[in-house]
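Below: one structure, written as structure tokens.
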Amino acid sequence: MFHGDQRSPLPPAKESTATAAPPAEKPSTPDAPAGKPAGPAAAQKKKARDPFFDNAKYLAIVLVAMGHAWEPLTDGSRAAEALYMVVYTFHMPAFIIISGYFSRSFDMRKDRLQRLITGVAVPYILFEVAYSFFKRWADDDPGHPISLLDPWFLTWFLVALFIWRLTTPLWKIVRWPVPLALVIAMLASVSPDIGDDLDLQRVLQFLPFFVIGLFMKPEHFQWAQRRAVKWASLPIFASALVMAYWAGPRMTSAWFYHRDSAQELGAPWWSGLVMTLALFGCSAVLVTCFFAWVPKRQTWFTVLGAGTLYGYLLHGFLAKGSRFWGWFDDYQWLHTPLGEIAVTVIAGAVVTALCTPPVQRAFRWAMEPRMAWAFKKDPAETARARGAGGTAA
């Protein structure tokens, strides 16, 4: 959902990590009307990126970075904790819904499988290894293992996206996909034996949002942009902040990570079922409110939406490094209101810089490698190419 080509499903005014987001699959687009050849204008329109989704991805990645910056402040600031809980209710669900939306056309076609490998699997391997070495060095932890089965920090999303995309054809044939995905998420929340391999708790508990994205249509996003929804979102966000301010000292924010079962959080098993349903409802409402305020037009940050995978994965080194190097302990002024504002601004500025085209060009080898050498050539395509060459000669 973070980078890649995206085509406009909305009237003129798109992931694909990280997210979230991460790379977005190209959705299918209607063919040209019968009897009318697709000319240059039609081809240009077909390739156009919709500013709405690039804007949404950029704003969501900024919230991800800010959330990571607020985390060390939550113990001493109830306001920071309330903001943290509200943002964590919807920022990853929003990324995941967009990922699902741009995965609608995914099937087992060769080119799409190759793109899944180069745009999701390869970045996962590279950054899982890079993060592991970074932790060994920055946290003075030489024994930290390098394990591709146990995603560390941000790389869980790439594992999840890989699995979700592979299951896309299955969700298209079942009768009630969203209720089924929600039941799976609820069962995962009461199953402590799932363990940490591939971060399957997160894969399963966030699954409903990906499935929702698979079945969303352009008119759903248009509905969220209606004036009535936009203005209704203001009291809803205010109410969410008040509720989070009240709930902060009374519950653990670990519920919002969706990485543990209820039993692992020290709660009775049945609370996993209740919390999964409750958080799903809250997330759906706040994601709608978030989409309501995403600009539909081209803005100064629209171009950054294509680089959110870069911002997502690269800002993790600074987010973790600030903890390893004790910045929040050594500089106590960061825990003052002025310091909290400064941390918020810095986090937004850093992730913005990491989404820019120069950074994309510098790290494209890791995020979007071509790797034509790694795949077998299609014999049929080779034969057609030879035939065309012979005809031309």
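At position 59 of the sequence shown the residue is numbered 1292 (my numbering), and the sequence of numbers has no breaks.
Where a beta carbon is used, it is the ideal one built from N, C-alpha and C, also for glycine.
Nothing here was measured: the structure is a model prediction, and the numbers come from that model.
Of all C-beta pairs linking the stretch 1469-1486 to the stretch 1284-1291, fewer than three are shorter than 8 Å, placing the two stretches out of contact. With contacts defined by Cβ atoms closer than 8 Å, L1512 and R1337 do not form a contacting pair. The alpha-carbon of L1571 is positioned some 11 Å away from that of Q1565. Excluding sequence positions up to five before and after T1351, its CB lies within less than 6 Å of the CB of P1602 and M1604, all in the same chain and listed in chain order. The C-beta of S1422 has 16 or more other C-beta atoms within 10 Å across all chains shown, which makes the residue buried. Taking a cut-off of 8 Å on C-beta distances, the stretch 1389-1409 touches the stretch 1437-1444, as three or more cross pairs fall below it. For K1368, the number of other beta carbons within 10 angstroms of its own is at least 16, and it is reported as buried. In this structure, F1323 keeps its C-beta atom at 8 Å or more from the C-beta atom of G1538. The C-beta separation of R1435 from R1492 comes to about 5 Å, placing the pair in contact by the 8 Å criterion. The shortest C-alpha to C-alpha distance from W1303 to any of A1607, V1578, L1587 and F1608 is the one to V1578. It is roughly 18 Å from the alpha-carbon of A1595 to the alpha-carbon of Y1357. Contact between L1551 and V1583 holds, since their C-beta atoms are separated by about 6 Å, short of 8 Å. The residues L1437 and L1440, in chain order, have a CB closer than 7 Å to that of I1417 in the same chain once the five nearest residues on each side in sequence are set aside. Residues T1521, F1524 and A1525 of the same chain have their beta carbon placed closer than 8 Å to that of A1457, with the five preceding and five following residues left out of the count. At the C-beta level, A1495 and G1505 come within 8 Å of one another. Non-local C-beta neighbours of P1326 in its own chain, meaning closer than 7 Å and more than five positions away in sequence, comprise F1442, S1516 and V1520, ordered along the chain. The criterion of a C-beta distance shorter than 8 Å is not satisfied by A1371 and G1544. Put simply, the backbone Cα of A1281 is about 43 Å away from that of F1561.
Within the same chain, and ignoring the five residues on either side of L1381 in sequence, the residues whose Cβ sits closer than 7 Å to its Cβ are I1358 and E1361. Under the DSSP assignment, C1588 falls outside any alpha helix (DSSP H); it carries neither an H nor an E label. Within the stretch 1526-1565, the alpha helix (DSSP H) runs of at least 4 residues that lie entirely inside it are, in chain order, 1541-1557 and 1560-1563.
Taken through DSSP and simplified to helix, strand or coil, K1343 comes out as helix. Per DSSP, the unbroken alpha helix (DSSP H) holding K1290 starts and ends at P1284 to W1303.
Contact check for A1315 against A1465 fails: the beta carbons are separated by 8 Å or more.
As the crow flies, the alpha-carbon of V1295 is around 18 Å from that of F1470. Around the C-beta of M1299, 16 or more other C-beta atoms lie within 10 Å, and the residue is accordingly described as buried. Counted as a single uninterrupted DSSP element, the alpha helix (DSSP H) harbouring W1479 occupies residues R1460 to A1480. DSSP, read as helix, strand or coil, puts K1405 in coil. Only exposed fits W1503, as fewer than 16 other CB atoms lie within 10 angstroms of its CB.
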